[in-house]
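Novice: Dumping the structure here so I can ask a few things about it.
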Amino acid sequence: MDKKGIAWLVALGLSLFLILNTENEEINKNIFGVEAQAKVVQEESVDSPVGEDQVSTPQDEPSKLSETTIVVPQGEVLKATAQTTVAEIQTDLPLHTLTVGENFSLNIRPGQGLKNAQLNEYYTTSDKTEKVNIGDSNTPSFNFAGIAEKWQLITVRIKEKTANALITESDYTYEGQTFAVQSSWKLEEDYHFALSHKLINTSDKSLNISGLYLNCGYIQPIQMGKHGFFTQQAIGNDQAVDTILKVDRKLETHLKQNIQDDIKDSIEDAAEEGRVLKDPYSVYIPEDADSYDWVAVKNQYFAFIADISDSFASVRTKTKEILSPTINKDGSQDKYDLIFAEGQIADFELAPGASKDISLDIFAGPQEIHILEKLGNDKKGIMQLNMFMNMKVSWLGFLSEMILKALFFFNGYVNSFGLSIILLTISVKLLFWRLTNKSNKSMKKMAILGPRIKEIREELKDNPQVMNQKVMALYREEGVNPAGGCLPMLLQMPIFISLFNALRSAIELRHVEFLWITDLSQPDTLGFIPGVPIRPLVIAWALLMLVQQRMTPSSADETQKKVMMFMPVMMLFFCYGMPAGLTLYWCFQSLMTLIQYKLNNRTTVGTPAPATAAK
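Residue numbers in the sequence shown follow our numbering, run continuously in steps of one, and reach 1911 at the last position.
So this is what it looks like as structure tokens:
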């Protein structure tokens, strides 16, 4: 390439490098676990007093409350006004914390629901100073919604309290009838608890319940900020709702962006018809009289999974915009979305004195494949191992799972995920070693045949059909497969995509250090020049690609060669926001490719005798 071409490439590369800053500058802002100090935009009044449900300081975190503060004498009653509804209740009963072991606890607000689940083995950031909480204190999870938002609360009682169980009872009135809801929470093991809501008709008339929903959990994103397309692919689908059909067993994934688009379309459609949607949701209704077996609300690494004993007639989803409590240097506050889902309880009727149990098994924890496999009922499908570019590919899930398990296998011996990725790279490379050898030989032969092919094309350019026949005849004569150079790359592509999926979904890589890398699930940022992140692995990978292209023989013309030399710059742009675990694989794989090519060059390939093209 001439000096002018090189200058253009350098200028373009610097331009793309600067553009990267706007796409990736916020990728490392992790707001997961921020919950007690957040304010719900447009959901709370600015003038509302700060009460126990509107925690305003970090000192009010439940894990720091003393035992005497959270224990309530059995039978203590909260009196409420006749106009108090489930949505408005501000209970004076202290927060109740249920624990089992040291790794998992539930923080429950009597009469409201689950404030959050605390996962003591996981941290919000790589400095490991704050433990992960999933849920949101301002909008408790696993309470009733829909028609229940119009129920008027009378009293809330603590019926029973132990270290790992809590039973509360709430009395309500609605349209002149009285009834009670007895809620039983029992924490059975890490990341798993049982919940039962028993509705009891305490009136002397039959009670018809229609339009009742159960909240299936609120969850925050792992990453905050706006991201470009390629960085977003590296993050994956950070927030989504999964539903699985009870009979058909089809797993449906509803991405946050799709949910928001559905709601926007519904609002626009209603406006065109002259209607106003007061509280729009994205609603999913099963076909063929089917129902939903369980509902998962998830982000990249953590999930709530609500498995109901009966089934959900339909599911509706929505997001709520939240202001982060973190104040930026310019005094602004970033925003993020809470995503949640509500499952519809089929309509039912209760005779006087009758009751109905709504029971659930709930998972609240990390998306680790070995944990989800134990849950059964197709729940490991929430890991998105079969998704690529927001599309589901049937074979991808199986291959991604095998690669993920191979990574864990290596880690069991070396106890380092960084070394495990390198061992996995070596294994994949050895698997295709012989095929790559043949590919390298084929490319060398193609390069040698380049002048003869050029001669044929020049002489027969006015007769393309004969020209192609002569070129193919030359390939057969010399035993060259024109696709041989591309075959190993094509065969490795499914493995590459599967590895990409496996590494971005593996919570086991989160906050894991290796060499200078502080977190294998994030880009390996060493610093900034000025404001532009320095990420050595992806830069080294692009340089290795450049060296590889210069070393690899090619029969392409000069224009094609210049285009190919531009590819490393493009890949640097596309992959600059990729996780360090993935760029470590690419970098080591490129290094091994160069080593293999050097070894192949020890053997020579004979130069075919020149021949004059037939006219």
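Cβ atoms here follow ideal geometry from the backbone N, Cα and C, with glycine treated the same way. Keep in mind the model is a prediction, meaning the values are calculated, not measured.
Residues bridged to Lys1688 by DSSP?
Specialist: Met1683
Novice: Among Gln1892, Ser1801, Thr1498, which one has its Cα closest to the Cα of Ile1699?
Specialist: Ser1801
Novice: Got a sec, what are the start and stop residues for the beta strand (DSSP E) Ile1601 sits in?
Specialist: Judged by DSSP secondary structure, Ile1601 falls within the beta strand (DSSP E) whose first and last residues are 1598-1608.
Novice: Using 8 Å as the threshold, is the C-beta distance between Val1593 and Ala1637 below it?
Specialist: yes
Novice: In its own chain, which residues sit with a C-beta less than 6 Å from the C-beta of Ala1836, not counting the 5 before and 5 after it?
Specialist: Within the same chain, Ala1836 has close Cβ partners Cys1883.
Novice: Let me know the secondary structure DSSP gives Val1593 once reduced to three states.
Specialist: strand
Novice: Just mark Glu1804 as buried or exposed, buried being the case when its beta carbon has 16 or more other beta carbons within 10 Å.
Specialist: buried
Novice: Taking 8 Å as the threshold, find out whether the region 1817-1831 comes into contact with the region 1435-1453 through three or more Cβ pairs.
Specialist: Fewer than three Cβ pairs drawn from the region 1817-1831 and the region 1435-1453 lie within less than 8 Å of each other, which leaves the two stretches out of contact.
Novice: Is it buried or exposed, Trp1812, if we count other Cβ atoms within 10 angstroms and call 16 or more buried?
Specialist: Exposed, because fewer than 16 other Cβ atoms sit within 10 Å of the Cβ of Trp1812.
Novice: Give the C-beta separation of Asn1399 and Glu1417 to the nearest angstrom, bearing in mind that I take them to be a contact with Cβ-Cβ under 8 Å.
Specialist: 5 Å
Novice: If I measure Cβ to Cβ from Gly1409 and keep anything under 6 Å in the same chain, skipping five residues before and after, which residues do I get?
Specialist: Pro1436, Ser1437, Phe1438, Asn1439
Novice: Under the assumption that Ser1492 contacts Asp1653 (Cβ atoms under 8 Å), give the Cβ distance between them as a whole number of angstroms.
Specialist: 6 Å
Novice: Is Arg1571 helix, strand or coil when you go by DSSP?
Specialist: Correct three-state label for Arg1571: coil.
Novice: From the DSSP output, which residues share a beta bridge with His1666?
Specialist: DSSP, once it has assigned bridges, lists no residue as partnering His1666.
Novice: Can you give me the C-alpha to C-alpha distance between Phe1328 and Tyr1771, rounded to a whole angstrom?
Specialist: Residue confidence is low: Phe1328 scores 41 on pLDDT, short of 50, so the model does not pin down where it sits. No coordinate-derived value is stated.
Novice: For Val1808, which of helix, strand or coil comes out of DSSP?
Specialist: Three-state DSSP puts Val1808 in coil, outside helix and strand.
Novice: Would you check if the region 1538-1552 and the region 1471-1489 touch, i.e. whether three or more CB-CB distances between them fall below 8 Å?
Specialist: Judged by Cβ distances under 8 Å, the region 1471-1489 makes no contact with the region 1538-1552, as fewer than three pairs qualify.
Novice: Quick check: the Cα distance between Asp1815 and Tyr1577, rounded to an integer number of angstroms?
Specialist: 37 Å
Novice: Per DSSP, what kind of secondary structure is Asn1624 in: helix, strand or coil?
Specialist: DSSP places Asn1624 in coil when its eight states are reduced to three.
Novice: Would you call the CB atoms of Met1679 and Gln1663 closer than 8 Å?
Specialist: Yes, Cβ-Cβ distance for Met1679 and Gln1663 is below 8 Å.
Novice: Output the distance between the C-alpha atoms of Leu1671 and Ser1605, rounded to the nearest integer angstrom.
Specialist: 15 Å
Novice: CB-CB under 7 Å to Gln1473, same chain, minus the five flanking residues each way: which ones, in chain order?
Specialist: Ser1499, Lys1501, Leu1503
Novice: List the whole-angstrom C-beta distance separating Tyr1588 from Ile1540, where the pair is believed to meet the contact cut-off of C-beta under 8 Å.
Specialist: 7 Å
Novice: The beta strand (DSSP E) with Lys1725 in it runs from where to where?
Specialist: First-last for Lys1725: 1713-1727, but that is the alpha helix (DSSP H), not the beta strand (DSSP E).
Novice: Since Leu1787 and Phe1728 are thought to touch, with beta carbons under 8 Å apart, how far apart are those beta carbons, to the nearest angstrom?
Specialist: 7 Å
Novice: Can you tell me the Cβ-Cβ gap for Thr1469 and Val1452, rounded? I've got them flagged as a contact below 8 Å.
Specialist: About 14 Å; that fails the 8 Å criterion.
Novice: In whole angstroms, what separates the C-alpha of Asp1561 from that of Leu1799?
Specialist: 35 Å
Novice: What residue range does the alpha helix (DSSP H) around Ile1891 cover?
Specialist: 1876-1896
Novice: Measuring alpha carbon to alpha carbon, tell me which residue in Asn1460, Gly1570, Asp1603 is nearest Asn1511.
Specialist: Asp1603
Novice: Where does Ile1454 sit, in a helix, a strand or coil, going by DSSP?
Specialist: strand
Novice: Entirely within the region 1480-1565 and at least 4 residues each: give me those alpha helix (DSSP H) ranges in chain order.
Specialist: Segments of the alpha helix (DSSP H) lying fully in the region 1480-1565: 1525-1531.
Novice: Residues in its own chain within less than 6 Å of Ser1401 by CB, not counting five upstream and five downstream?
Specialist: Thr1393, Thr1395, Gln1414
Novice: Under the three-state reduction of DSSP, which class applies to Phe1400: helix, strand or coil?
Specialist: strand
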